[in-house]
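If you're matching positions, the sequence shown starts at 0 in numbering that gives the first Met the number 0 and goes up one per residue. For every residue, glycine included, the Cβ atom is placed at its ideal position computed from N, Cα and C.
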Amino acid sequence: MPLSKDNKNGGLGNEEDFKFDHLRKDDFDEVLDLLRKYFVPYEPINLGLGSTFPDKKEFIENYVTQSINCGLSMGTRTKEGKLIGVSLPDIERKGKVVEGTIPAPKNNVVRHTVEILEHMTNNYDVFQKQGINEILYYAVVCVNPEYRGNNINGKMTKIVEQKAIEKGINVAYSICTGIKSQASFKRNGYVTVYETPYKIFDFLNLTSMGDNTSIKLMVKKLK
Numbered sequence: 000m001p002l003s004k005d006n007k008n009g010g011l012g013n014e015e016d017f018k019f020d021h022l023r024k025d026d027f028d029e030v031l032d033l034l035r036k037y038f039v040p041y042e043p044i045n046l047g048l049g050s051t052f053p054d055k056k057e058f059i060e061n062y063v064t065q066s067i068n069c070g071l072s073m074g075t076r077t078k079e080g081k082l083i084g085v086s087l088p089d090i091e092r093k094g095k096v097v098e099g100t101i102p103a104p105k106n107n108v109v110r111h112t113v114e115i116l117e118h119m120t121n122n123y124d125v126f127q128k129q130g131i132n133e134i135l136y137y138a139v140v141c142v143n144p145e146y147r148g149n150n151i152n153g154k155m156t157k158i159v160e161q162k163a164i165e166k167g168i169n170v171a172y173s174i175c176t177g178i179k180s181q182a183s184f185k186r187n188g189y190v191t192v193y194e195t196p197y198k199i200f201d202f203l204n205l206t207s208m209g210d211n212t213s214i215k216l217m218v219k220k221l222k
C-alpha cells in the first residue's frame, strides 16, 4: 500500500514501512540521484562555495563507488522499493590515503572542499589520538526530508556500526559540516573532539551558510 500517512513526528511512514539493506553496485544511479536532490543542495560547505552537483559529480561518484565496495554502505527503501536514505561510510587505515580512488581535484570547488576536510584530519589524527590502525569513517548520510521523524539515520548508523564491530573496528568518526548532522551524530553517541569555525576559510560565503558556523570532527567508541 502506498505511503499516505504521516507519523507522529510529521514524516511519511512508520518503522515497519521501511527496509534497510546494504547497497550494491546496481544501486549506484539511485544513490547519485538521492544525493543530487537532497544532499548537495543543502550541505553547508556546498552552500558556502556556491557549488552544484555537476561541480562535484566525479568526486561524489568515486566516493560512492568506494563506499559501496567497502561492504558497509546502507540504504533504506519503502515497501514499494523507493530509495529514501543512504549511509555511505568507508574503512580508513593508518598510513593509507583516505581518498585513494578519488582523482586529484579538477576545480576550485573540489579543491576547497578537500582543503577543509584535510584541515580537520591534519589537526586531529584519529589514529594517533585513539591508538588504532583502522577506523569507520562516515562521509555522507542522506535521507529524503519527506520521511523525517522516523530516525532512519539512526537506524542505518546502528546497523553499519554493528557490521564494523564484526570486522574488528572499534572506533568511528565523522566530519560533521552542519548543525543538523552534528546534532544527529551527537544523539547517536558521537562526541566532538575537534572544532573549527568556518570564518578561517576566506573562500567561503558565510552568509549563504546560515546558522552553520563551524565544522566538527566527532568520534564514537563502538565497544
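If you ignore the 5 residues before and after residue 178, its C-beta comes within less than 7 Å of the C-beta of 210 and 211, all in its own chain and listed in chain order.
Considering only 125, 134, 71 and 129, the residue with the shortest C-alpha distance to residue 155 is 71. DSSP, reduced to helix, strand and coil, places residue 16 within a helical segment of the structure shown.
Within a 10 Å sphere around the beta-carbon of residue 190 sit fewer than 16 other beta-carbons, which makes this residue exposed. As computed with DSSP, residue 216 is found in a beta bridge with 174 and 193.
If you check the CB distance, residue 133 and residue 168 come in under 8 Å. DSSP places residue 47 within a helical segment (H, G or I) once states are collapsed to three. Apart from sequence neighbours up to five positions away, the residues of its chain that approach residue 198 with a beta-carbon distance below 8 Å are 205 and 212, ordered along the chain.
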